[in-house]
Structure formats: C-alpha cells, structure tokens
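Asks: My questions will all concern the structure given below.
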Amino acid sequence: MTDVTGVPAPVDVLRTLFHSDQGGHEQVVICQDRASGLKAVIAIHSTALGPALGGTRFYPYASEEEAVADALNLSRGMSYKNAMAGLDHGGGKAVIIGDPERIKSEELLLAYGRFVASLGGRYVTACDVGTYVADMDVVARECRWTTGRSPENGGAGDSSVLTAFGVFQGMRASAQHLWGDPTLRGRKVGVAGVGKVGRHLVEHLLSDGAEVVVTDVREESVRRITDLHPEVMVAADTDALIRTEGLDIYAPCALGGALNDESVPVLTAKVVCGAANNQLAHPGVEKDLADRSVLYAPDYVVNAGGVIQVADELVGFDFDRCKAKAAKIFDTTLAIFARAKADGIPPAAAADRLAEQRMAEARRH
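The working numbering numbers the first residue of the sequence shown as -8 and each following residue consecutively.
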C-alpha cells in the first residue's frame, strides 16, 4: 500500500492489515488532492454481504497513522453493524484528515467524491462526525454512491430520528429480557448526551412513561429538553449520572469509551443501552459488566437505525419501510441475549459471533 507519491505506508499499518486480529481488510485507499488540501483514508473491511457502507469522518487527527488506525477500526465495526442490521452491505469507513472548521471546502468535498467514485461502488459513503447532509449533497455531485443527502437531492436527510427509535427498541428488548416486560414505564433512565439522537430518545422514553435524567456538556442542549419537559431531571455530569440512586438504565449517547475501568465499578444501572459508538473502552470491559450483572445491549446493534436509513436511500427512501426495519432491532437484541445465555458469554461476544456467522455464510454462497 502506498500513498499517491509512491511512498510506502508505515510498516505498522501493514502489520495491522495483514497480521493482526484487527486486520483482514480487503482494501485501504490513501487519497490526496493537494490543490484542495484533501488527505483522506478509505477503508473497506468486507464486501461479503454487498458493497461496503459507512460514513465519512472529518477530524483533526494528531497524525496520519492515527487516522489510518481509526479508519481500520471503524470500517471493521461497520461490517458487524451492517451484518446485524440485516443489510446486504459490508463494512467500510472513510476519514478526512483536518479540522473541518478550517479546511472544509466545496473543492475538497468534490475531490473526495471523485476518489469514492473511483472505487466503482465498492464503497458507499454517508455522514459521520464532522460531515453533514449538506456535505453529502456536494460529494454526490461527483459520486452517485453517496447517501445521507437532503430530501431535495433525493436523500432521506437527518438519520437521528431512526437511530433514536432503534435504541429505544433495544431498551425495550433489554427490559423484556431482564424484567419480563418490554415497557419502560416507571423505570429510571439516564441519558448522557442529548444532542440530535439523545433528545429524540428522551421523547420516546417520556412517551413510554419512563422517569428520565439527562446530562450534556452543552448547557443549551439540556435547556432545550427541560424547557419542553420540566419533569426531566438533570445530573451535573456523566460521573454524577452513572451514580444516580435507583437508575435502571444508562444510555451513553455521546462519545465512545463510556464504559471503562473507572465507570463500570460505580454504575448503579442494571442495563446499559445507548446510541454512542464504541462504548467499550477496551476488550474485557464486557466481562466486567457481566460480572456485575449489568446487561449490555451491544452499541452497534441498537444504534443501527441510522445506517438502515441511509442504506434505504439506494433503493428510493421510504420512511415507513425503514422504521419497520429499525423496529426489528427489538428482536435482534433479544436474539443476542438468548445466544449469550446459551453460550455462557457476554452479549457483546454473542453479537460478534452472530455477525461473523452471517458474513461467513455469505462467503460460502
């Protein structure tokens, strides 16, 4: 693997690709357009189930190596997410290196679109951190394999509505598994992060009769919730939220790594089910949760409503059809809990096994 100048990629990246458990990627493309300042990495982990699908992250990485590592990890995660969502898509992800507030431009996005188009449909892109619907509209001018576009440009627009709906279904399944009833009525649910997805999740919870506690680093996000719903309680920060007395469910809906060596021992909740990606800070956290009898609904399973929506754009977006698919997250989550119990393993490991099984079966056909 080389960049556009022909310089060999770092040896540690090649070692990851070809020799580590985190490797196994089919293709990694290093992209550069000096005129616009574009530096990007497109990673295709698997096309066993179909064209790779995953968003484009625009982020000021500390180094190119860090950007490549993120693309590899995120694309691998998308293979599992798409498999468990029942989509006919493999996993891919792209990262654009740089501060979007400083370097994002129409020229850069068009150049990026040309690189995605050069893959001939092996990778389908969408929004992620640092990229938005308006950006995908620009990318789509150079690349027809672009989702997450505005309704005016043939897309479905903001995917946070169905993401929140899917997380809510995962919570209902968790309640069914643990307490024998899928309702959240009377349950105390803590939501960390009430931005686009979190605020929609709060609406579902309140409609179902739950008692809700929220926190967010942005005061305006919390105020938007409490102005509409004065009954919602507010925790000072995430640390205070996870220690809340009587908490039944904790929903991390902000940054990844929420479940770590510091947070897991002090969790008061019996269920963790949220929208944030990569909630487990490192391998082994899932066992720590199980040892404390905390039921963990795997993040990439319950937050798949967004990818279900963008995938549907490729066949002509229909909200009701997407919502019906996202509703199946309830059954998928229950199946994962059943597999975990049968195999004597944590739910995160059970989800991985089911995803790997679906991908392996697809390769055999």
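Where a beta carbon is used, it is the ideal one built from N, C-alpha and C, also for glycine.
(1) Does DSSP classify A249 as helix, strand or coil?
(2) Cβ of L100 less than 7 Å from any chain D Cβ?
(3) Rounded to whole angstroms, what is the Cα-Cα separation between N64 and D126?
(4) In chain order, what residues of the same chain have a beta carbon less than 6 Å from the beta carbon of G189, not counting five sequence neighbours either side?
(5) Helix, strand or coil for E347, going by three-state DSSP, please let me know.
(6) Pop quiz: G81 and A43 are said to be a contact at Cβ under 8 Å. What is the actual Cβ separation, rounded to whole angstroms?
(7) Any chance the CB of A164 is under 6 Å from a heavy atom of the ligand FAD?
(8) Cβ atoms of G45 and K95: under 7 Å apart, would you say?
(9) Return the Cβ separation of V285 and L246 in integer angstroms, given the expectation that the two are a contact with Cβ distance under 8 Å.
(10) Ignoring anything shorter than 3 residues or poking outside the stretch 132 to 207, list the beta strand (DSSP E) runs there in chain order.
(11) What does the alpha-carbon distance come out to for the pair A131 and F308?
(12) Using DSSP bridges, identify the partner residues of P243.
(13) Among F156, R234 and D343, whose alpha-carbon lies nearest the alpha-carbon of M69?
(14) Among Y71, E253 and R93, which one has its Cα closest to the Cα of H36?
(15) Can you look up S357 in the DSSP assignment and give me helix, strand or coil?
Replies: Taking the definition as stated:
(1) coil
(2) Reference to chain D is not applicable here, since this structure consists of a single protein chain.
(3) 23 Å
(4) V182 and C244
(5) helix
(6) 4 Å
(7) For the ligand FAD, the structure offers nothing, since it holds no ligand at all.
(8) no
(9) Between L246 and V285 the Cβ distance is about 20 Å, and since that is not below 8 Å, they are no contact.
(10) 179 to 183 and 202 to 206
(11) 16 Å
(12) A183
(13) D343
(14) Y71
(15) What the structure shows of the chain is the stretch from -8 to 356, and residue 357 is not part of that stretch, so it cannot be assessed.
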